[in-house]
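Peer 1: Chains as they are written, first to last, in full-length UniProt numbering: chain A, 1 to 353; chain B, 1 to 215.
Backbone N, C-alpha and C define an ideal beta-carbon position, used for all residues, glycine too.
Structure incoming, see below.
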């Protein structure tokens with residue numbers, strides 16, 4: 001009996017056949033024959049450097065609508081000779097809710113880092129309004145030049161007016177690109193400044209700037225150093241000298257460094273709103289190639305200066321209040337400058353080892 | 001695997017033929033076995049096998065001899081070569097490069113240990129002696145028991161020193177797998193420079209800094 005084969009069914013089989021074609025990778029030798037492909041393991045493979053990223057598509061029918069997700073494994077890297085971890089969800093027993101667990105990169109079954117958020121580096125930035133009321137479209141972030149030769153859509157040039165959101169398509173460049181950053185996070189001791197309001201009449205000062213130590217990140221840290229995946233990594237904001245002068249400095253409680261960016265490139269003629277699936281190809285770009293050491297400046301702040309006072313006892317003490325009031329602005333200025341120059345600094349640095 | 005017949009022009013594709021095709025496609029799917037890694041792409045599957053990485057000779061390279069000893073390639077810290085016993089790691093005119101004999105392997109509860117350089121400094125924090133050791137914890141006093149106060153998450157980084165103006169810096173981690181196999185994961189690849197930042201002028205406690213190169 002004749003059966004109609006739908007195009008969808010046919011193409012599904014074609015895709016399955018194409019995926020099953022073997023390409024030799026690390027440590028693999030192949031020999032194609034009409035009856036199949038002979039796979040053999042080679043004796044040696046290329047040296048893998050610390051933090052080397054391998055991205056792969058994991059099939060998971062429970063994840064819809066894509067039917068899977070992109071994950072990454074990393075060759076072990078160390079910070080201060082300590083293991084670095086990735087948080088994974090693990091169920092200790094069957095039918096028990098999964099709990100987050102920190103798994104070291106040196107584990108026999110290396111942990112998978114889920115690449116859950118992607119950015120589009122070709123897309124224009126968010127529209128902004130200028131002081132004159134013009135709409136400014138920032139240009140796209142861009143991507144490494146390597147991808148130009150693969151036929152990836154060019155990054156948006158941006159411009160003024162909403163018309164800048166549209167761009168003339170290039171028929172030879174129709175592949176979409178997405179990026180996901182992998183960063184290393186290290187919790188650390190941090191400080192924030194505290195402003196106490198005083199009575200200028202009695203204290204000869206209206207504000208005092210002191211330093212408070214923050215260790216909640218250290219207390220709650222589940223490992224000394226861990227890796228995260230994020231659509232676009234931004235370094236933690238350190239306070240500026242102006243912040244310290246104003247007494248509003250708040251240090252971040254983590255130090256971070258970008259390890260790699262995983263770029264995903266689509267097949268040709270994919271819509272600009274497509275999400276990376278199994279048909280896309282991953283290209284890791286590394287920024288760190290060696291193990292790291294880390295240290296914080298651990299610069300402790302000096303105590304706030306004692307305010308200058310003049311105790312005369314004149315006019316039965318009333319003059320002292322007036323004198324303190326007059327001295328208050330001087331003492332406040334001294335306190336602010338002292339807070340800036342002698343501020344605590346626990347920002348950390350990584351370096352290759 | 002079911003042999004797929006070829007069809008003639010005009011021959012109808014019956015349900016039986018189609019199902020044979022589906023079965024054949026399913027049977028040639030690639031599945032990773034022991035030591036095999038697969039990466040599926042639209043144009044084929046990249047197949048890789050776990051194999052020993054190409055040897056790359058470098059400083060402080062650790063090569064195991066069973067689970068009781070290791071050969072460590074020569075390396076320098078501040079231009080000085082560590083010793084094993086009283087013999088420099090590169091050997092002497094009369095003695096070959098020595099092996100580090102572990103005896104009983106020292107591992108922590110996570111089956112991890114270290115091959116480390118144990119450095120002793122003088123009162124000016126200059127290096128006086130360096131010895132290669134195998135320990136379970138590089139930041140505890142005896143290296144076999146967990147550290148009492150430090151260890152775990154460190155508040156200010158650096159390598160914590162231990163008493164007697166000493167510090168241990170791991171050159172490789174040893175990991176014992178469930179199968180019993182002992183693996184080496186290299187940490188240091190280059191000669192090192194070292195500086196200590198003492199807590200104060202009297203204390204023998206310090207945090208230590210290491211970086212690649214000469215002092």
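Could you give the residue range of the beta strand (DSSP E) that holds residue 354 of chain A?
Peer 2: This structure cannot speak to residue 354 of chain A, because chain A is shown only from 1 to 353.
Peer 1: Just curious, the alpha helix (DSSP H) that residue 246 of chain A is in, first and last residue?
Peer 2: Segment 241-246, the alpha helix (DSSP H) holding residue 246 of chain A.
Peer 1: In chain order, what residues of the same chain have a beta carbon less than 8 Å from the beta carbon of residue 152 of chain B, not counting five sequence neighbours either side?
Peer 2: Only weak support exists for where residue 152 of chain B lies, its pLDDT of 48 falling under 50; the value from the coordinates is given anyway. Contacts found: none.
Peer 1: Can you give me the Cβ contacts of residue 120 of chain A inside the same chain, cut-off strictly under 7 Å, excluding the 5 residues immediately before and after it?
Peer 2: The residues are 178.
Peer 1: Can you name the residues of chain B whose CB is closer than 7 Å to the CB of residue 345 of chain A?
Peer 2: None at all; the shortest Cβ gap to chain B is about 11 Å.
Peer 1: Determine, using beta-carbon pairs with one atom in the segment 278-291 of chain A and one in the segment 242-252 of chain A, whether at least three such pairs fall under 8 Å.
Peer 2: Result no; under three Cβ-Cβ pairs closer than 8 Å.
Peer 1: By the DSSP assignment, the alpha helix (DSSP H) with residue 216 of chain A in it spans what residues?
Peer 2: Taken as a continuous stretch (DSSP letters only), the alpha helix (DSSP H) holding residue 216 of chain A covers 216-220.
Peer 1: Check whether the segment 154-167 of chain B touches the segment 80-88 of chain B, counting contact only when three or more Cβ pairs, one atom from each stretch, lie closer than 8 Å.
Peer 2: Touching, no, given that fewer than three Cβ pairs across the two stretches are closer than 8 Å.
Peer 1: Determine, using beta carbons only, whether residue 172 of chain B and residue 78 of chain B come nearer to each other than 8 Å.
Peer 2: Against a cut-off of 8 Å, the Cβ pair of residue 78 of chain B and residue 172 of chain B comes out as no contact.
Peer 1: Are the C-beta of residue 143 of chain A and some C-beta of chain B separated by less than 8 Å?
Peer 2: False, the Cβ-Cβ gap to chain B never drops below 8 Å.
Peer 1: Return yes when the Cβ of residue 49 of chain B is within less than 8 Å of the Cβ of residue 36 of chain B, no when it is not.
Peer 2: Closer than 8 Å, so yes.
Peer 1: Please state whether the Cβ-Cβ distance between residue 116 of chain B and residue 138 of chain B is less than 8 Å.
Peer 2: It is a contact, given that the beta carbons lie within the stated cut-off.
Peer 1: What span of residues does the beta strand (DSSP E) with residue 254 of chain A cover, start to end?
Peer 2: Where residue 254 of chain A is concerned, the enclosing beta strand (DSSP E) stretches over 254-265.
Peer 1: What beta strand (DSSP E) runs, 3 residues minimum, are completely inside the segment 58-94 of chain A?
Peer 2: Counting whole runs of 3 or more residues, the segment 58-94 of chain A contains the beta strand (DSSP E) stretches 68-74 and 85-90.
Peer 1: Step through the CB atoms of chain E and report whether any lies within less than 8 Å of the CB of residue 60 of chain B.
Peer 2: The structure shown contains no chain E; its protein chains are A and B.
Peer 1: According to DSSP, simplified to helix, strand and coil, what is residue 334 of chain A?
Peer 2: Helix at residue 334 of chain A.
Peer 1: For residue 314 of chain A, name the three-state secondary structure that DSSP assigns.
Peer 2: In this structure, residue 314 of chain A counts as helix in the three-state DSSP scheme.
Peer 1: Residues in the segment 108-127 of chain B with C-beta within 9 Å of chain A's C-beta atoms, listed in sequence order?
Peer 2: Under the 9 Å Cβ criterion, the segment 108-127 of chain B contributes 110, 112, 114 and 116.
Peer 1: Any residues in the segment 129-147 of chain B with a beta carbon nearer than 7 Å to a beta carbon of chain A? Which ones, in chain order?
Peer 2: Per Cβ criterion, the list reads 138.
Peer 1: Answer yes or no: do residue 182 of chain A and residue 113 of chain A have a C-beta to C-beta separation smaller than 8 Å?
Peer 2: It is a contact, given that the beta carbons lie within the stated cut-off.
Peer 1: Can you find a C-beta in chain A that's less than 8 Å from the C-beta of residue 75 of chain B?
Peer 2: No, because no Cβ of chain A sits closer than 8 Å to the Cβ of residue 75 of chain B.
Peer 1: At which residues does the alpha helix (DSSP H) containing residue 202 of chain A begin and terminate?
Peer 2: Its alpha helix (DSSP H) spans residues 200-203.
Peer 1: Are the beta-carbon atoms belonging to residue 132 of chain B and residue 182 of chain B less than 8 Å from one another?
Peer 2: Cβ atoms of residue 132 of chain B and residue 182 of chain B: not closer than 8 Å.
Peer 1: For the segment 86-110 of chain A, list every residue whose C-beta sits within 7 Å of some C-beta in chain B, in sequence order.
Peer 2: Those would be 106 and 108, in chain order.
Peer 1: Below 7 Å CB to CB, which residues in the same chain sit around residue 135 of chain A once its five sequence neighbours on both sides are set aside?
Peer 2: Result list for residue 135 of chain A: 127, 129, 160, 161 and 162, in chain order.
Peer 1: Run the CB neighbour count on residue 58 of chain B, radius 10 Å, all protein chains shown included, and call it buried at 16 or more, exposed below.
Peer 2: By the neighbour-count rule (16 or more Cβ atoms within 10 Å), residue 58 of chain B is not buried but exposed.
Peer 1: Within the continuous alpha helix (DSSP H) that includes residue 4 of chain B, where are the two ends?
Peer 2: Note, residue 4 of chain B: premise wrong, no alpha helix (DSSP H); not H, not E.
Peer 1: Using a Cβ-Cβ cut-off of 8 Å, state whether residue 175 of chain B counts as contacting chain A.
Peer 2: Residue 175 of chain B counts as touching chain A.
Peer 1: Quick check on residue 340 of chain A: does DSSP put it in helix, strand or coil?
Peer 2: Residue state, collapsed to three classes: helix.
Peer 1: With a 10 Å radius around its C-beta and 16 neighbouring C-beta atoms as the bar for buried, classify residue 324 of chain A as buried or exposed.
Peer 2: Label assigned to residue 324 of chain A: buried.
Peer 1: Answer yes if the segment 276-283 of chain A comes into contact with the segment 53-71 of chain A, meaning at least three C-beta pairs across the two stretches below 8 Å, and no otherwise.
Peer 2: Touching, per the Cβ criterion.
Peer 1: Distance check for residue 216 of chain A and residue 242 of chain A, CA to CA, integer angstroms please.
Peer 2: Straight-line Cα distance between these residues: approximately 25 Å.
Peer 1: Quick one: which chain A residues come within Cβ less than 8 Å of residue 21 of chain B?
Peer 2: The contacting residues are 13.
Peer 1: Which residues in the same chain as residue 268 of chain A place their Cβ atom closer than 7 Å to its Cβ, once the five residues preceding and following it in sequence are excluded?
Peer 2: Result list for residue 268 of chain A: 151, 174 and 175, in chain order.
Peer 1: For the beta strand (DSSP E) containing residue 293 of chain A, name the first residue and the last one.
Peer 2: Note, residue 293 of chain A: beta strand (DSSP E), 292-296.
Peer 1: Are the beta-carbon atoms of residue 157 of chain B and residue 158 of chain A separated by less than 8 Å?
Peer 2: Their beta carbons are not under 8 Å apart, which means residue 157 of chain B does not touch residue 158 of chain A by this criterion.
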